[in-house]
Every structure is written in structure tokens, then in C-alpha cells.
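To keep things clear, I will list the structure first and then write my remarks on it.
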Amino acid sequence: MLPVAIIGGGPVGLFLASCLSHSGIECRVLEQKQAVSDHSRSIGIHPVSLDLFARLGLSSEFLARGVRVAKGVAFDDRGRVGELDLQACGSSFPFVLIFPQNETERLLEAHLLAARPGALCRESQVTGVKDAGGYMEIERLDPRGRRSLVEAQFVVGCDGKRSLVRESAGIPFIGCPYQDGFIMGDFDDNTRFGSDAAIFLSSEGLIESFPLPFQKRRWVVRSDDGARQGEAPPRREEIESLLRNRIAHELRMCGNYMVSRFQAERFLAPVLYRNRIVLAGDSAHVVSPIGGQGLNLGWLGAWRLAEQLRAIVQGGRDYREGFATYSRKQRCAARRATRRAELNMALGRRHTGVFLRNSVVRLLLQAPINRLTARLFTMHGLYSWPV
Ligand SMILES: Cc1cc2nc3c(=O)[nH]c(=O)nc-3n(C[C@H](O)[C@H](O)[C@H](O)COP(=O)(O)OP(=O)(O)OC[C@H]3O[C@@H](n4cnc5c(N)ncnc54)[C@H](O)[C@@H]3O)c2cc1C
């Protein structure tokens, strides 16, 4: 019998499979899509995740291809407010690595398949998960409409925010959208920021700007109009006019590679397991993308869960105890990440008290507090290594 079946071959499912195979635990990933999507949601890989990648022998390719952001510069309507030196975070990787999520998934997939050919089954849509008494039965559907069963001791739901696995386990997902809507787009980089991130605390709403590989740049712009329009597909002209009006930056002549809209939201499952089913990644928790923590939080959870699965499958630990430990620690990390994301969003909202807000930002950027701020913005403290 397969020890572990992972439902969902997104970035968290693929990473979890690599962690397990690194420990010699057999697993299979069932993924409904035929290939990695072309669209990239996440772009930031935090120092703590690079640390995990290094332990799996994965970090060098990421480091060779990503852009290292070691500094963030903050502006308000009147000019430069200050800068945040991420090198002060004290990690062995003192920067945030910018690397698009779809490329990340491709690297994780290649790494997994090099170690375990056959560990990933694409075009396998899971349609049901059932406790068969002492083991799990997973029903999957192939593109020709044929159904088959996979049996496993444990099922991990890495199937994203609308998780079927979570639903099958009857675990609720508690949370709601925030009032904050954003529009984001990738353009040719026509700024002078180089590898620095730039944050504009405009009185009309937050603008964030991050370097991407190949001289491109991502712009994330708070847009309440976007939130009101709901699902209306965004256009590049919307970002262009917001940037022109708020910070007098012109993107009209730049190549555009993607525009999309999102509403920030928060969700957390009250418990991350039921019997032999356990949740990881966005199926367990969703935090606001502002601050770029969601995927990194999923990886930290996958690492934590792999530790427990190792103890259960190889060490004979009671699975309920192992899953309860994972659930408690990961929920605690998710709540902390949520609070940090809320701080990020609060700083970027339209403010009447701009003077007060800017004074707080200046304080956060000044020594010796800047060290703490650098740690806060690089997800420091959300994982502690066993001694
Ligand atoms: C706009 C935006 C920007 C973001 N930026 C960042 C950032 O900079 N940094 C960061 O850390 N996070 C960021 N995030 C969050 C990040 O994108 C998510 O946390 C991440 O994608 C979660 O990964 P996952 O593997 O848990 O889920 P997903 O990426 O949703 O993957 C789930 C996978 O499961 C598969 N699946 C679903 N149902 C089934 C089924 N029934 N059978 C088989 N397969 C199934 C899906 O096809 C998919 O491949 C951002 C999010 C958004 C919306």
C-alpha cells in the first residue's frame, strides 16, 4: 500500500513530495492539470524557504535564475521616506529571491521526477476521497472519463483554496475577503530601481514594484474600483493610468506580459486533519498576498508535515498525535503570517492620518528597529529548527 497520496501538484504538493522522497518515503502526487500554468501568482521566495530548499539540495538552481532583492525603498507623495535593508534580517540568505511561481513549479517538478520518476501523475482529477477502514481510497478520473482507485495509508490535501479533500473531510474554512482589491501587471522594467523593491505609500493607495528576471517588473496597485468591478477582466490601461496619476510613472511604451486582479482574503481551517486526511498549503490557510507570504507559509507547513509523516511512517508514531502537532504549530504560524500581512495592508491603505502613518514607517526603517522590521518582512520566526 502507498504510504502517502498527495492530492494537488501545485507548488506545495510538489515540494512536500520532494521532502518525503528525500526521506525515503514513497508517495504519489495526483494533479488534474496537464502542465504547469503560464500565469504566475507568487514571485517572492523568502530566506526561510531558501534554507529549506538548500536542505533538499534545491537552492542552487533557484539562486542562479532568480533576482535577489536585498533592499526595499519606501516613498510617499513627497518623496523618499527611507529604505529597508533586508540584509539586516540575519539569515544565511539575506534577501528575498524573486522567481515566478510557474517557473518554481517547473523546477520542483523536475527535481521530484529526477529523484522519483513516476511520482507525479498529471491529468488525474481526484473526484472522491473515502476512509476504507484503516486506509484511504481515492477515486480519480482521467481525461477519457475512466475512473480508477488509488489506495494509501494517508491522504494530504494540497489542492488549493477550494479543496475537495478539505470538503471530503468535513473541515470548515473560516475567513472572509478584506476590503482591499488590487490590480497587478508584469511590464518591461523602465525604472532605475534595478534589483531593489519599491513601495509607494501614496495617499490614493499602495503601489508595490518588484524586479523580475529578464529586465521585467511587477507592479501591484491598490484599486478599489477593481474590487467593485468584481470579476471584470482588467486592462493594462488601468494600471498605466493609476501609476500616472499617483506617482507620475509612465508605462505606456513598455511591453506588457500579464495583467490580473485579486481581492485580498484570509481563511484558516480550525483543524488541519481528520483521521487519515491532512491539509497543507492553501487548502489549510490563505493569507493576503500583500507581503508575499502565502506560498512560503505552505512550504514551511509541508516541511513540518514531512517531519511528522517521517515519524509516523518510519518511526511508528501514532498518526493522530503527529497530525495534531502539525496542525497546532502550522495554525499558529498561519495566524502570525496573517497578522503580518494585515500590518502590510494597513500601512498601504488610503489614509487621512498620513503624517502619523509616515512617522510609523520612518520609525520602522530606522536603526536599531530596522533589524526587527527586516525580520518581520522576511517571515523570520515562523519556523524554528529542531535543536
Ligand atoms: C495575486 C497573488 C499573488 C501572490 N504572491 C505570493 C508571493 O509573492 N509569495 C507567496 O509566498 N505567496 C503568494 N501568493 C500565494 C500563493 O500563490 C499560494 O499560496 C500558492 O499558490 C499555494 O500553493 P498550493 O500548492 O497550496 O495551491 P495551488 O497553487 O492552488 O495548487 C493546487 C493544485 O491542486 C490541483 N488540484 C485542485 N483540485 C484538484 C483535484 N480535485 N484533483 C487533482 N488536482 C487538483 C490544482 O490543479 C493545482 O495545481 C499569491 C497569491 C495571489 C492570488
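Residues in the sequence shown are numbered from -5 upward in steps of one, following our numbering. No residue lacks a Cβ here, since even glycine has one placed at the ideal position from N, Cα and C. Nothing here was measured: the structure is a model prediction, and the numbers come from that model.
Cross-strand partners of residue i (DSSP beta bridge)
| i | result |
| --- | --- |
| Asn269 | Paired residues: none, contrary to the question. |
| Ile385 | Any answer about residue 385 is impossible in this case: the structure gives the chain only from -5 up to 381. |
| His279 | Leu262 |
| Arg211 | Phe181 and Pro205 |
| Leu135 | Gln119 and Arg141 |
| Asp79 | Lys65 |
| Met373 | In DSSP, Met373 forms no bridge with anything. |
| Phe194 | Phe69 and Ile201 |
| Met130 | Asp125 and Ala146 |
| Leu114 | Val23 |
| Ile284 | Paired residues: none, contrary to the question. |
Residue i beta carbon near ligand 1 (any heavy atom closer than 7 Å)
| i | result |
| --- | --- |
| Val120 | yes |
| Lys155 | yes |
| Lys27 | yes |
| Val123 | no |
| Pro207 | no |
| Arg35 | yes |
| Asp45 | no |
| Gly2 | yes |
| Asn290 | yes |
| Met130 | no |
| Met252 | no |
| Phe256 | yes |
| Gln382 | Shown here, the chain extends from -5 to 381; a query on residue 382 therefore has no answer. |
| Gly169 | no |
| Gln308 | no |
| Pro228 | no |
| Val(-2) | no |
| Met339 | no |
| Asp79 | no |
| Gly175 | no |
| Gly38 | yes |
| Asp180 | no |
| Ser162 | no |
| Pro5 | yes |
| Asp276 | yes |
| Cys152 | yes |
Residue i, DSSP secondary structure in three states
| i | result |
| --- | --- |
| Lys323 | helix |
| Asn184 | coil |
| Asp125 | strand |
| Arg404 | Nothing in the structure corresponds to residue 404, since the chain is present only between -5 and 381. |
| Ser254 | strand |
| Val307 | helix |
| Ala226 | coil |
| Gln173 | strand |
| Gly7 | helix |
| Arg216 | strand |
| Leu38 | Contrary to the premise, residue 38 reads as Gly rather than Leu in this sequence. Gly38: strand per DSSP, three-state reduction. |
| Ile165 | coil |
| Val90 | strand |
| Cys248 | coil |
| Ser85 | coil |
| Val159 | helix |
| Gln95 | helix |
| Ser189 | coil |
| His33 | coil |
| Ser15 | helix |
| His243 | coil |
| Ala274 | coil |
| Ser378 | coil |
- [ ] Please go through the region 45 to 71 and give each complete alpha helix (DSSP H) segment of 4 or more residues, from N-terminal end onward.
- [x] Counting only runs that start and end inside the region 45 to 71, the alpha helix (DSSP H) elements of at least 4 residues fall at 53 to 59.
Task: Stretch pair the region 101 to 118 + the region 76 to 85: three plus CB contacts closer than 8 Å - done: Here the region 101 to 118 does not lie against the region 76 to 85, with fewer than 3 beta-carbon pairs under 8 Å apart.
TODO: Jot down the residue ranges of each uninterrupted beta strand (DSSP E) in the region 339 to 366, minimum 3 residues, whole runs only, in chain order.
DONE: Given a length threshold of 3 residues, the region 339 to 366 has no whole run of the beta strand (DSSP E) inside it.
Open item on the list: With three or more C-beta pairs closer than 8 Å as the rule, is the region 203 to 217 touching the region 59 to 68?
Closed with: Three or more Cβ pairs drawn from the region 59 to 68 and the region 203 to 217 lie within less than 8 Å of each other, which places the two stretches in contact.
TODO: Could you tell me whether the region 183 to 190 touches the region 162 to 174, where touching means 3 or more Cβ pairs closer than 8 Å?
DONE: Verdict: no, contact absent.
Open item on the list: Contact between the region 0 to 17 and the region 151 to 162 is defined here as three or more beta-carbon pairs at a separation below 8 Å; is this criterion met?
Closed with: By the Cβ rule, the region 0 to 17 counts as touching the region 151 to 162, because three or more pairs are nearer than 8 Å.
Task: Inter-stretch contact (C-beta, 8 Å, three-pair minimum) for the region 244 to 258 and the region 228 to 236 - done: Counting Cβ pairs under 8 Å, three or more are found: they touch.
TODO: Count the C-beta pairs between the region 370 to 378 and the region 323 to 331 that are closer than 8 Å, then say yes if the count reaches three, no if not.
DONE: Inter-segment contact for the region 370 to 378 and the region 323 to 331 is present: three or more beta-carbon pairs are separated by less than 8 Å.
Open item on the list: Across the region 26 to 39 and the region 282 to 301, are there enough close Cβ pairs to call them in contact, namely three or more that are closer than 8 Å?
Closed with: By the Cβ rule, the region 26 to 39 counts as touching the region 282 to 301, because three or more pairs are nearer than 8 Å.
Open item on the list: Pairs of beta-carbons, one from the region 265 to 274 and one from the region 306 to 325, closer than 8 Å: are there three or more?
Closed with: Yes, the region 265 to 274 is in contact with the region 306 to 325.
TODO: Please confirm if the region 122 to 136 is in contact with the region 27 to 37, defined as three or more CB-CB distances below 8 Å between the two stretches.
DONE: No: fewer than three Cβ pairs fall under 8 Å.
Open item on the list: Taking 8 Å as the cut-off, does the region 297 to 311 touch the region 8 to 27 (at least 3 CB pairs, one atom from each stretch)?
Closed with: Touching, yes, given that three or more Cβ pairs across the two stretches are closer than 8 Å.
Open item on the list: Could you check whether the region 334 to 350 touches the region 276 to 288, counting it as contact only if at least three pairs of C-beta atoms, one from each stretch, sit closer than 8 Å?
Closed with: With three or more CB-CB distances shorter than 8 Å, the region 334 to 350 counts as touching the region 276 to 288.
Task: Stretch pair the region 135 to 142 + the region 116 to 124: three plus CB contacts closer than 8 Å - done: By the Cβ criterion, the region 135 to 142 is in contact with the region 116 to 124, since at least three pairs of Cβ atoms, one from each stretch, lie closer than 8 Å.
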